[in-house]
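I have placed the structure first, in the form of structure tokens, so that the comments after it can refer back to it.
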Amino acid sequence: MQKPARCRRIAWLFAMMAIVQNGVRGAEIEEKKSVRGQGTILLLDEDNFTEAVQEHSDLLVLFYAPWCSVSRGFLKDFIKAAAILQREKSSPVAAATVNMREEKRLVGRFTLPNFPIIRFYHNGKATRYPGGRGVKNLVKWVHSQQEKASKTRTE
Numbered sequence: 151m152q153k154p155a156r157c158r159r160i161a162w163l164f165a166m167m168a169i170v171q172n173g174v175r176g177a178e179i180e181e182k183k184s185v186r187g188q189g190t191i192l193l194l195d196e197d198n199f200t201e202a203v204q205e206h207s208d209l210l211v212l213f214y215a216p217w218c219s220v221s222r223g224f225l226k227d228f229i230k231a232a233a234i235l236q237r238e239k240s241s242p243v244a245a246a247t248v249n250m251r252e253e254k255r256l257v258g259r260f261t262l263p264n265f266p267i268i269r270f271y272h273n274g275k276a277t278r279y280p281g282g283r284g285v286k287n288l289v290k291w292v293h294s295q296q297e298k299a300s301k302t303r304t305e
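This is the structure we're talking about:
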């Protein structure tokens, strides 16, 4: 069994490899547990999750297991999609991850039957991503969620 610190390093390594390998600029994994910053992927835990959801009107969260190959693969797409969504001037989206292995108390607050799971929080209301892997699919879905929210506001 791997130790939590080693799992965190492995997840961080995969994220950094994805950034370097795919030339994604502007997205970096924050090592400290913070909910501040532009062009970052926030690391959420029991202490800062609620604050992050309240602070960011649009927040995309990946719940993942670092030992899971599907989670690691999805993390690469998530990093690329986050970089695209954060660069948008009209409605930037904050991005965050939750390590399901390390944050068991936080994960216990939700119904998360499997992993990876992506949820989009708009003004605190969560919607689960129903699609498959792929940067374009994820970005398109987030845009559709933002569009639904803007239509709701104007009606």
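Under the numbering used here, think of the first position of the sequence shown as 151, with each following residue one higher. In this text, a Cβ means the ideal position worked out from N, Cα and C, and glycines have one as well.
1. So Phe260 is in the beta strand (DSSP E); what residue range does that whole segment cover?
2. When the Cα of Gly274 is compared with those of Ser294, Leu193, Leu210, Ile191, which residue comes out closest?
3. Among residues of its own chain, excluding the 5 on either side of Gln296, which ones have a beta-carbon nearer than 6 Å to its beta-carbon?
4. Can you tell which of Leu288, His272, Asn249 has the C-alpha that lies nearest to the C-alpha of Asp208?
5. Quick check: Thr266 and Val220, are their CB atoms within less than 8 Å of each other?
6. Exposed or buried, what is Lys226 when buried is set at 16 or more other beta-carbons lying within 10 Å of its beta-carbon?
7. What are the boundary residues of the beta strand (DSSP E) that Leu210 is part of?
8. On the premise that Leu262 lies in contact with Phe213, defined as a C-beta separation below 8 Å, what is that separation, rounded to the nearest angstrom?
9. How many Å lie between Leu193 and Lys286 at the Cα?
10. Can you check DSSP and say which residues form a bridge with Ile268?
Looking at the coordinates:
1. Your numbering for residue 260 matches position 110 in the sequence shown. No beta strand (DSSP E) contains Phe260, which DSSP labels as neither H nor E.
2. Reading the sequence shown from its first residue, position 124 is the one you call residue 274. Closest by alpha carbon: Leu210.
3. The residue labelled residue 296 in the question sits at position 146 within the sequence shown. Cβ neighbours of Gln296 beyond the five flanking positions: Ser241.
4. In the sequence shown, the residue the question calls residue 208 occupies position 58. Ranking the options by Cα distance to Asp208, first place goes to His272.
5. Numbered from its first residue, the sequence shown carries residue 266 at position 116. Numbered from its first residue, the sequence shown carries residue 220 at position 70. Going by the sequence as given, residue 266 is Pro instead of Thr. Pairing Pro266 with Val220 gives a Cβ-Cβ distance under 8 Å.
6. Translated into the one-based positions of the sequence shown, residue 226 becomes position 76. Buried.
7. Residue 210 sits at position 60 when you count from the first residue of the sequence shown. 208-214 is the span of the beta strand (DSSP E), which, as asked, contains Leu210.
8. Numbered from 1 along the sequence shown, position 63 holds the residue referred to as residue 213. Numbered from 1 along the sequence shown, position 112 holds the residue referred to as residue 262. So it is a contact: roughly 6 Å between Cβ atoms.
9. The count along the sequence shown starts at 1 and reaches residue 193 at position 43. The count along the sequence shown starts at 1 and reaches residue 286 at position 136. Between the alpha carbons of Leu193 and Lys286 lies a distance of about 23 Å.
10. For the purposes of this step, residue 268 is taken as residue 118 along the sequence shown, with counting starting at 1. Ile268 pairs with Leu212.
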